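Protein chains: 2
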Amino acid sequence: MKRYSLQTRLLFAVDCIIFGFDGQEMKLLLIQRGFEPCKGKWSLVGGFVQENESAEDAAARVLKNLTGLDGIYMEQLHTFSAPDRDSVERTVSVAFTALIDIQRYKEQLHEDFHPVWFSINRHPELIFDHKKMVDLAKEKLRYKAALHPLLLELLPDKFTIPQLQQLYESVYNTTFDKGNFSRKILSTKLLVKLADKDKLSSKKGAFYYKVDRKRYNVNFYAFLNFVPDTLLQRSAIVR
Amino acid sequence: MKRYSLQTRLLFAVDCIIFGFDGQEMKLLLIQRGFEPCKGKWSLVGGFVQENESAEDAAARVLKNLTGLDGIYMEQLHTFSAPDRDSVERTVSVAFTALIDIQRYKEQLHEDFHPVWFSINRHPELIFDHKKMVDLAKEKLRYKAALHPLLLELLPDKFTIPQLQQLYESVYNTTFDKGNFSRKILSTKLLVKLADKDKLSSKKGAFYYKVDRKRYNVNFYAFLNFVPDTLLQRSAIVR
DNA sequence: GCAAAAGTGTTAAACTTACACCCATGC
DNA sequence: GCATGGGTGTAAGTTTAACACTTTTGC
């Protein structure tokens, strides 16, 4: 039972699995550690939780430092607590998944940060249990994106349906019928058609769309309405 | 960035949201704290993580102590780390959801444990942020049970389709058409029909079924095949 | 004009839903 | 024999999936 005085106290950290999409494929943001141990090895972006912040606060702070961006999509993934996961000292780490619009991302100057985008399928070896974290994040992304529109977080403010399709195809490593894909996405009513077209990737050009943020927030959990939404309150389900 | 020596070290605990089903409605197992602070107040079952165990180990140990049972369905729910969540000393807690067959459960003797099953909808006030944990666990259970057959974990080895339907109806606080419910469950091929009937709740009697454990493990994530299962590898997705 | 990508139309198949109906049995 | 819950049948409505077809425009 709980007896406070006798208990061990541990280090408590956060690590962020940061996904981006460059228009072609999914990317993962990694840094080269600037200090020992494992200096020079590749690692997730992370840091220790400070005295007056929660793990969520710490992860947001780390992301803000790295990207200069606020309001990034972020959710708790899993907590890793194997006694030997950190070779220096026992450390528990809460892993977070973050989705960012790669075009809005600007690398901030920081002596310790040397972040690089890697393809999600070909990245260097990672320290500690960071590969486990990345693998789990990839699984959860695929799972969740099949049910909810969170991949929209990865696109710029203006995007086309074919670009969105390219993103889905990259996440699921498959192809979709463009007609059916477009109708399915549009049927969610989450997108607003804009007046102008992207003419870079075709002669005809594809209309730009933007996310209807209001509907997005309200309908996030109803997206592919797998269950009559009278049953699952759409407001607040599983972070 | 990470500099180990300067960091605060924190207490690290687990708390278990233990769900059971008594044939009528969903229950939640709570204990009355046997020590200060908040002695006598109701609380989730929990404990501190020891030096040589992970949070998962700790949660399994706590459950084993309480119920005498091994191999209980358990999954990480969320980590709670608000700086002021524990009034005594800053403590980070990993919450776990556990599903147990209430009939297999036997209260173990333990000076500190006074566990009681409460209706999931009418339970006493809880200490710290335990209500938040319970609410989140309920949401996630409803979410996940709509997609995967995990409610089977709550039933005894032998059960009838109407009993399973009662369980689903209790979780979603609704009613289902019995014909459609039975066909949908059976279409998963996760159940094996037994030779004998339960005659307690009807004159005709309802056939007993048991879980086909092999199919259950293989098809857990494919259950209500919301996405063509060629897309979501069914083997390992989201704990 | 033609190639290439965007987008629409169409249809068969599959699945869902509601509800009527039959079944087995204890009283 | 009839009330009760278990279980099957069935048809209308909806959704999905495959793919043919039309549109637009740069070259």
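Protein chains in written order, with full-length UniProt numbering: chain A, 1 to 239; chain B, 1 to 239. Idealized CB from N, CA, C, for every residue including glycine. In this text, all values refer to a predicted model and were calculated from it rather than measured experimentally.
- The beta-bridge partner set that DSSP reports for Q7/B is empty.
- Chain order gives the chain B residues near P83/A as E51, N52, E53 and S54, where near means a beta carbon separation below 8 Å.
- Three or more Cβ pairs closer than 8 Å define a contact, and the segment 102-109 of chain A falls short of that threshold against the segment 139-146 of chain A.
- Not a single CB atom of chain A sits nearer than 9 Å to the CB of Q108/B.
- Between S93/B and D15/B, the C-beta spacing is below 9 Å.
- Each residue's CA atom was taken as its position, placing V192/B and I185/B some 11 Å apart.
- The beta-carbon separation of T175/A and E169/A, rounded to 6 Å, stays under the 8 Å limit for a contact.
- Taking all protein chains shown into account, L200/B has fewer than 16 neighbouring C-beta atoms within 10 Å of its C-beta and is therefore exposed.
- Straight-line spacing of the CA atoms in L11/A and Q7/B works out to 7 Å.
- Annotation for Q166/B: the continuous alpha helix (DSSP H) segment containing it runs I161 to Y172.
- The continuous alpha helix (DSSP H) containing V62/A extends over residues A55 to T67.
- With 16 or more other Cβ atoms inside 10 Å of its own Cβ, E56/B counts as buried.
- Residue state for Y221/A is assigned as helix, using DSSP reduced to three classes.
- In the structure shown, the three-state DSSP call for Y105/B is coil.
- For I120/A, no beta strand (DSSP E) run applies, since DSSP gives it neither H nor E.
- In its chain, beyond the 5 residues on either side, V14, C16, M74, V94, F96 and A98 have a beta carbon closer than 8 Å to the beta carbon of A59/A.
- By the C-beta density criterion, P124/A is exposed, having fewer than 16 other C-beta atoms within 10 angstroms.
- At a cut-off of 9 Å between beta carbons, F48/A contacts chain B.
- Within chain B, the residues placing a beta-carbon under 7 Å from that of L10/A are R9, L10 and F12, ordered along the chain.
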